[in-house]
Amino acid sequence: MPGSCGGAYVHESSKWSTRKDSARNGEKAKCLLGADYSNKEVRSPDYNQTPPTLCWKKTKWIVVLITLLVFVRRLFIPLPPHPNQTFVGEKLRSNGTHDFKRTVVLISIDGFRADYLDRGLTPHLLNISKQGIRAKFMRPIFPTLTFPNHWTLMTGLYAESHGIVANNFWDPASRSEFHYSNVKSWRNASWWFGEPMWETARRAGLITANLMWLGPTKTSSGVESTYFVPWKDNVPLKEKLDQIISWVDLPLLKRPQLILAYDQSLDHAGHTNGPMSVAVNRTLQQIDGFARDIHAELQARNLTDIVDTIFVSDHGMADTSQPEFIYMDDILGADGVKMIEHEDGWPSMGLRFRPQANETHYLQTLIQASEANGHKFDVYTHKTMPKRYHFSNSDRIAPIYVVPKLGYALTTYEQGTAGMSAGNHGYDNMEPSMRAVFIAQGPFSTVAKALQRSGLSAYHFLSCLDAVWRAVPDDTHIIEGFRNVELYNLVIKLLGIQQYAAKNNGTSGFWDKYF
70 MPGSCGGAYV
80 HESSKWSTRK
90 DSARNGEKAK
100 CLLGADYSNK
110 EVRSPDYNQT
120 PPTLCWKKTK
130 WIVVLITLLV
140 FVRRLFIPLP
150 PHPNQTFVGE
160 KLRSNGTHDF
170 KRTVVLISID
180 GFRADYLDRG
190 LTPHLLNISK
200 QGIRAKFMRP
210 IFPTLTFPNH
220 WTLMTGLYAE
230 SHGIVANNFW
240 DPASRSEFHY
250 SNVKSWRNAS
260 WWFGEPMWET
270 ARRAGLITAN
280 LMWLGPTKTS
290 SGVESTYFVP
300 WKDNVPLKEK
310 LDQIISWVDL
320 PLLKRPQLIL
330 AYDQSLDHAG
340 HTNGPMSVAV
350 NRTLQQIDGF
360 ARDIHAELQA
370 RNLTDIVDTI
380 FVSDHGMADT
390 SQPEFIYMDD
400 ILGADGVKMI
410 EHEDGWPSMG
420 LRFRPQANET
430 HYLQTLIQAS
440 EANGHKFDVY
450 THKTMPKRYH
460 FSNSDRIAPI
470 YVVPKLGYAL
480 TTYEQGTAGM
490 SAGNHGYDNM
500 EPSMRAVFIA
510 QGPFSTVAKA
520 LQRSGLSAYH
530 FLSCLDAVWR
540 AVPDDTHIIE
550 GFRNVELYNL
560 VIKLLGIQQY
570 AAKNNGTSGF
580 WDKYF
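Residue numbers (this note's numbering): 70 to 584.
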């Protein structure tokens with residue numbers, strides 16, 4: 070038995086007895102730990118004595134000393150600093166041929182559900198996350214729609230604060246409608262409240278670049294990105310790759326330190342065909358190839374330890390190919406439906422009734438219908454809206470909001486069922502299918518992993534051996550899921566411009582534990 074002597078005693082009924090092939094026959098015995106008893110007399114056991122524990126005591130003290138030394142080392146030998154923390158003012162870092170300032174490339178893949186990474190179709194994104202880190206998920210704001218969440222990613226604000234409360238909504242102040250399909254209208258800065266990270270970076274004197282990120286051309290303060298490519302549908306990923314790398318290759322004094330990029334192809338495939346479709350899987354592979362090429366281009370320039378690359382999404386995608394339709398006509402009656410003046414926020418229904426309508430009556434009718442039908446949908450006012458939604462403190466939010474549960478769809482007989490897509494989002498942001506993705510590689514991930522290995526912040530990381538994470542290599546570093554309002558502060562911190570940060574809904578000091 071390891072750690073014991075050849076003529077060891079076996080404890081039986083609180084007494085010591087010798088083995089037949091050892092001391093009883095006078096054979097030589099050697100301790101496996103190195104003590105040589107071959108020239109010593111093997112005596113009969115004394116039952117009144119305590120069994121020998123020399124080997125165990127020696128081993129125990131060695132373990133204690135090693136543990137103490139490791140602890141002392143952690144106390145007095147500092148961890149390597151975040152590579153970007155070595156930047157001071159205009160101090161630069163070289164990739165061997167060119168100087169670089171702090172640089173962040175932030176890429177949004179619309180509709181990238183967090184668990185898409187577990188399908189075995191994204192080996193390159195998983196490899197990037199293995200070299201860097203990934204989050205279990207990133208939680209979108211409510212409503213889990215494209216425009217509200219992309220502006221949250223930019224500003225760190227909830228929808229009630231940044232004003233983009235849905236993909237389509239009525240603004241009673243300006244008596245006008247915001248609609249995602251009206252590009253000319255939504256580029257108007259008056260819709261967009263809060264300060265996007267590219268405006269913060271510009272105030273700090275940084276050069277920025279924006280490749281089709283959803284939002285205004287310039288903010289209400291008149292600030293615009295140094296380089297701006299407006300949104301356009303059906304632009305190949307290769308063209309977007311070339312544009313990003315062309316910005317990286319600019320001379321130092323013209324090169325952007327913050328590069329934003331957006332692609333909607335995965336979201337389109339999810340809506341048209343559903344999240345479990347062949348089309349989604351095929352698009353996932355194309356996105357994975359795009360990520361591979363981005364990483365390869367940065368690697369070829371020796372920039373993976375200088376540039377922080379972050380892949381995110383705005384929301385997930387649910388299968389809505391066979392929903393149960395709920396007709397408002399059956400609840401409110403034909404006359405009640407005619408009293409609806411504005412309807413916002415599909416797949417929810419933000420209802421604004423005409424001035425002459427009895428709004429209280431229709432509200433009670435909706436609440437009673439919800440209770441009678443097993444809460445297939447919930448009915449809220451500004452006062453009863455769940456606090457975790459942060460979705461009540463704005464006149465742009467309709468006074469009555471009807472929110473369907475997964476598996477159900479709201480409509481009217483006039484609207485019918487033709488508009489329902491095979492995949493959709495916009496549901497409760499706690500639903501797992503609504504979760505977004507977060508992958509980061511670069512100086513930030515390097516220090517986060519160093520902290521995890523040191524044990525100083527291991528409790529912020531998840532076990533990579535969890536059976537749920539089928540596609541995760543054992544040495545991939547996964548951080549806990551977090552709210553997407555935290556992203557703004559991360560990017561500002563990576564750029565080293567915290568003193569310029571605008572007020573936002575992110576948690577103060579949230580990212581400090583990873584630095």
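Just so you know, even glycine gets a beta-carbon here, dropped at the ideal spot from N, CA and C.
Y431 carries a helical assignment under DSSP once its states are collapsed to helix, strand and coil. Residues of the same chain with a CB within less than 7 Å of the CB of I561, apart from the 5 flanking positions on each side, are M266, T269, Q567, A570 in chain order.
Spanning the alpha carbons of D404 and N427 requires a straight line of approximately 11 Å. Secondary structure note for Y557: its alpha helix (DSSP H) is the uninterrupted segment 556 to 563. Taking a contact to require three or more Cβ pairs closer than 8 Å, the segment 222 to 229 and the segment 187 to 200 do not qualify as touching.
Rounded to the nearest whole angstrom, the C-alpha separation of V304 and S334 is 9 Å.
By the Cβ rule, the segment 229 to 243 counts as touching the segment 412 to 423, because three or more pairs are nearer than 8 Å. Distance from the CA of S390 to the CA of Y185, rounded to the nearest whole angstrom, comes to 18 Å. Under DSSP, the beta-bridge partners assigned to P473 are F446. Its Cα nearest to that of P320, the residue H167 stands out among H167, R552, F507.
For M503, no beta strand (DSSP E) encloses it, and the DSSP letter there is neither H nor E. A Cβ-Cβ contact shorter than 8 Å links T172 with V376. Secondary structure at H411: strand, using DSSP grouped into helix, strand and coil. In this structure, V472 sits away from L420, with a CB-CB distance that is not shorter than 8 Å.
Shortest Cα-Cα distance from A387 to any of F206, G485, D497 involves D497. By the neighbour-count criterion, in which 16 or more other beta carbons inside 10 Å mark a residue as buried, P424 falls on the exposed side. For E366, there is no enclosing beta strand (DSSP E); the enclosing alpha helix (DSSP H) covers residues 347 to 369. Apart from sequence neighbours up to five positions away, the residues of its chain that approach S294 with a beta-carbon distance below 7 Å are W267, T277, A278, N279, ordered along the chain. The segment 360 to 380 and the segment 475 to 490 do not touch, with fewer than three beta-carbon pairs separated by less than 8 Å. Taking C-alpha positions only, I197 is separated from Y249 by approximately 33 Å. Taking the Cα positions, D311 is about 22 Å away from G284. With fewer than 16 other Cβ atoms from the protein chains shown falling within 10 Å of its own Cβ, V347 counts as exposed. Between the C-alpha atoms of G274 and Q326 there is a straight-line separation of about 10 Å.
Around the beta carbon of G443, a 10 Å sphere encloses fewer than 16 other beta carbons of the protein chains shown; the residue is thus reported as exposed. The criterion of a C-beta distance shorter than 8 Å is satisfied by Y557 and G575. The alpha-carbon of A330 is positioned some 6 Å away from that of W282.
If you compare the alpha carbons of S290, V298, F513 with that of L559, the shortest gap goes to F513. DSSP, reduced to helix, strand and coil, places M223 within a helical segment of the structure shown. Under DSSP, Y296 forms a beta bridge with A278.
Its chain contains L335, S382, V506 as the residues whose beta carbon lies nearer than 6 Å to that of F181, once the 5 sequence neighbours on both sides are disregarded; these appear in chain order. Collapsing the DSSP output to three states places V381 in a strand. Distance from the CA atom of I547 to the CA atom of R504, rounded to whole angstroms, is 15 Å. For I233, no beta strand (DSSP E) encloses it, and the DSSP letter there is neither H nor E. In chain order, Q510 place their CB closer than 6 Å to the CB of Q200, counting only its own chain and leaving out the 5 sequence neighbours on each side. Counting only the Cα atoms, A487 lies some 47 Å from D318.
Shown here, W267 sits in a helix according to DSSP, grouped into three states.
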